[in-house]
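For the sequence shown, full-length UniProt numbering begins at 1 and goes up steadily by one. Have a look at the structure below before the remarks.
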Amino acid sequence: MVVKDYFDYHNVKLENVHLLNKDCAAFEEVVSGITYFSAATRSDNYTLCGGRTPEKNVTHITYSNTLYSGNKTEGQIVRQPQVEIIFKCVYPYMRRVSLPFPIAPYSSEMVLRVKQLEATVVMRLYKSSTFKEAYTSTPVLHLRDRVYVGVQITDPENFFALRVNECWATQTPDPNASQSFNHVLIDNGCVKDETVTFLNGTDGRGGANGEGSAVYYSFDMFRFVVQPFDLYLHCRVQLCTPNYDEQCVPVSLASSSHWWGTVLGSGVTV
């Protein structure tokens, strides 16, 4: 987004501002009391609006487009210069967050920010295989009860596909704790614990990892052989860019360039 004063200086009206595709018009929004001209795209119109092929390296993925002002004609001549602003949205691959308290089944949230840009992934514990109602307080579950976990991209919505690469449980909030037990549930995007099942998130039927913006799975409740018996769930996830021949559904151990993040800290009590 570009501050409105810039366009006012060049005598450019909002209705004349658009992306490479003129059908993708800009809009006005106010952030912290400042008015901006902005433009937004989704996964289904990113290319249509003139979005360039994403640039990738080992640390970031970059989307880019150009904001134009149309030429205001006076008969057969033009007096106003055309404004052309190339902008880029940069998502970092790696980020890790954890909760400062021991048990938080309701929501564990990861936010990545580059200036005004965010990518948010949320992990929740749910009460059933319909994944309609999340726990809002600490659940007490019996051994072998089914535990239902949902991991979802909430912003930007319906742009990336999500793949869960690893999920594991620890006795402490630290996902890398070496002084406590840990148990792997999902490894390299595939089932590691024999009780884990990927679900479709609606009716308890089988689902897949990497096909949409949310991943749902369940497993049989357990506890570690020594105290503390609290479980802290952690998942390492990657965002996949749509429509660029990128394999997101796990099929092998082959690695590729992706955005990485870790959702940490959700727990349950036995």
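Note that beta-carbon positions come from the ideal geometry of N, C-alpha and C, so glycine has one too.
task = Classify residue 15 as helix, strand or coil using the three-state DSSP reduction.
result = What you label residue 15 is simply residue 15 of the sequence shown in a count that begins at 1. Shown here, residue 15 sits in a helix according to DSSP, grouped into three states.
ask   = On the premise that residue 250 lies in contact with residue 190, defined as a C-beta separation below 8 Å, what is that separation, rounded to the nearest angstrom?
value = As a working note, residue 190 is residue 190 in the sequence shown. As a working note, residue 250 is residue 250 in the sequence shown. About 5 Å separates the beta carbon of residue 190 from that of residue 250, a gap short enough to meet the 8 Å contact definition.
task = Kindly list the residues whose CB is nearer than 8 Å to the CB of residue 81, restricted to its own chain and excluding five residues on each side of it in sequence; keep chain order.
result = By one-based count along the sequence shown, residue 81 stands at place 81. Sequence-distant partners of residue 81 (beyond 5 residues in either direction) whose C-beta falls short of 8 Å from its own C-beta, in its chain, are 10.
task = Let me know if residue 163 comes out buried or exposed under the rule of 16 or more other beta-carbons within 10 Å of its beta-carbon.
result = Locating residue 163 in the sequence shown gives position 163, where the first residue counts as 1. Counting Cβ neighbours within 10 Å, residue 163 comes out buried, since at least 16 surround it.
inquiry  = On the DSSP bridge list, what partners appear for residue 124?
reply    = Position 124 of the sequence shown, counted from the first residue, corresponds to residue 124. Answer is 150, bridged to residue 124.
key: N-terminal and C-terminal residue of the alpha helix (DSSP H) that residue 292 is part of   = There is no way to answer for residue 292, as the model of the chain reaches only from 1 to 270.
ask   = Can you tell which of 247, 238, 248 has its C-alpha closest to the C-alpha of residue 60?
value = Indexing the sequence shown from 1 puts residue 60 at position 60. When each option's Cα is compared against that of residue 60, the closest is 238.
Three-way DSSP call (helix, strand, coil) for residue 88 in this model = For this step, residue 88 is matched to residue 88 along the sequence shown. It is a strand residue.
query = Looking at the structure shown, is residue 23 part of a helix, part of a strand, or coil, going by DSSP?
reply = As a position in the sequence shown, residue 23 is number 23, starting the count at 1. Taken through DSSP and simplified to helix, strand or coil, residue 23 comes out as coil.
inquiry  = Taking the beta carbon of residue 32 as the centre, do at least 16 other beta carbons fall within 10 Å, making it buried, or is it exposed?
reply    = Counting from one through the sequence shown, the residue named residue 32 turns up at place 32. Exposed.
key: Rounded C-alpha distance that separates residue 101 from residue 5   = By 1-based counting over the sequence shown, the position of residue 101 is 101. By 1-based counting over the sequence shown, the position of residue 5 is 5. Note that residue 101 has pLDDT 30, beneath the 50 cutoff, so the model's placement of it is unreliable and the number below is only indicative. Those two C-alpha atoms are separated by around 45 Å.
request  = Look at the alpha carbon of residue 45 and the alpha carbon of residue 198, and state the distance between them as a whole number of angstroms.
outcome  = Position 45 of the sequence shown, counted from the start, is the residue given in the question as residue 45. Position 198 of the sequence shown, counted from the start, is the residue given in the question as residue 198. Each residue's Cα considered, the two are about 30 Å apart.
ask   = Based on Cα-Cα distance, which residue from 29, 14, 161, 127 lies nearest to residue 211?
value = For the purposes of this step, residue 211 is taken as residue 211 along the sequence shown, with counting starting at 1. Answer by Cα proximity: 161.
request  = With residue 319 as the anchor, note down where its alpha helix (DSSP H) starts and where it stops.
outcome  = No answer is possible for residue 319: it lies beyond the span of the chain, which begins at 1 and ends at 270.
ask   = Distance, Cα to Cα, residue 16 vs residue 70?
value = For the purposes of this step, residue 16 is taken as residue 16 along the sequence shown, with counting starting at 1. For the purposes of this step, residue 70 is taken as residue 70 along the sequence shown, with counting starting at 1. Distance between the alpha carbons of residue 16 and residue 70 is about 5 Å.
Backbone secondary structure at residue 50 - three-state DSSP = Translated into positions along the sequence shown, residue 50 becomes position 50. Looking at residue 50 - three-state DSSP - the assignment turns out to be coil, as it is neither helix nor strand.
task = Starting from the Cα of residue 126, find the closest Cα among 219, 180, 55 and give me that residue.
result = In the sequence shown, residue 126 corresponds to position 126, counting from 1. When only C-alpha atoms are compared, the closest one is 219.
query = With residue 188 and residue 165 assumed to form a contact (beta carbons below 8 Å), what rounded beta-carbon distance in angstroms separates them?
reply = Here residue 188 refers to the residue found at position 188 of the sequence shown. Here residue 165 refers to the residue found at position 165 of the sequence shown. Contact between residue 188 and residue 165 is confirmed by a C-beta separation of about 7 Å, below the 8 Å threshold.
Endpoints, beta strand (DSSP E) assigned at residue 220 = Here residue 220 refers to the residue found at position 220 of the sequence shown. For residue 220, the uninterrupted beta strand (DSSP E) run begins and ends at 214-220, by DSSP.
ask   = In terms of residue numbering, what span does the beta strand (DSSP E) encompassing residue 236 cover?
value = Counting from 1 along the sequence shown, the entry for residue 236 is found at position 236. Element bounds for residue 236: 231-240.
ask   = Just checking my contact of residue 34 with residue 58 at CB under 8 Å: how many whole Å lie between their CB atoms?
value = As a first step, residue 34 is located in the sequence shown; it is residue number 34 there, counting from the start. As a first step, residue 58 is located in the sequence shown; it is residue number 58 there, counting from the start. Contact flag wrong, Cβ pair sits at about 35 Å.
query = Using DSSP with H/G/I as helix, E/B as strand and the rest coil, what is residue 163?
reply = On the sequence shown, position 163 is the one that residue 163 refers to. Three-state result, residue 163: strand.
ask   = Thinking C-beta only, is residue 151 closer than 9 Å to residue 123?
value = Taking the sequence shown and counting its residues from 1, one reaches residue 123 at position 123. Taking the sequence shown and counting its residues from 1, one reaches residue 151 at position 151. A contact, by the Cβ cut-off of 9 Å.
ask   = Considering only the beta carbon of each residue, do residue 66 and residue 85 sit closer than 9 Å?
value = Here the question's residue 66 lines up with position 66 in the sequence shown. Here the question's residue 85 lines up with position 85 in the sequence shown. Contact: yes.
task = With distances taken Cα to Cα, identify the nearest neighbour of residue 131 among 207, 39, 12.
result = Start at 1 with the first residue of the sequence shown, and residue 131 comes out as number 131. Closest by alpha carbon: 207.
key: residue 202 classed as buried or exposed, judged by whether at least 16 other C-beta atoms fall within 10 angstroms   = Position 202 of the sequence shown holds residue 202. Taking a 10 Å sphere around the C-beta of residue 202, we find fewer than 16 other C-beta atoms and assign the residue as exposed.
request  = Return the CA-CA distance between residue 129 and residue 141, expressed in angstroms with no decimal places.
outcome  = Here residue 129 is taken as the residue at index 129 of the sequence shown, counted from 1. Here residue 141 is taken as the residue at index 141 of the sequence shown, counted from 1. Per the coordinates, the alpha-carbon of residue 129 lies some 15 Å from the alpha-carbon of residue 141.
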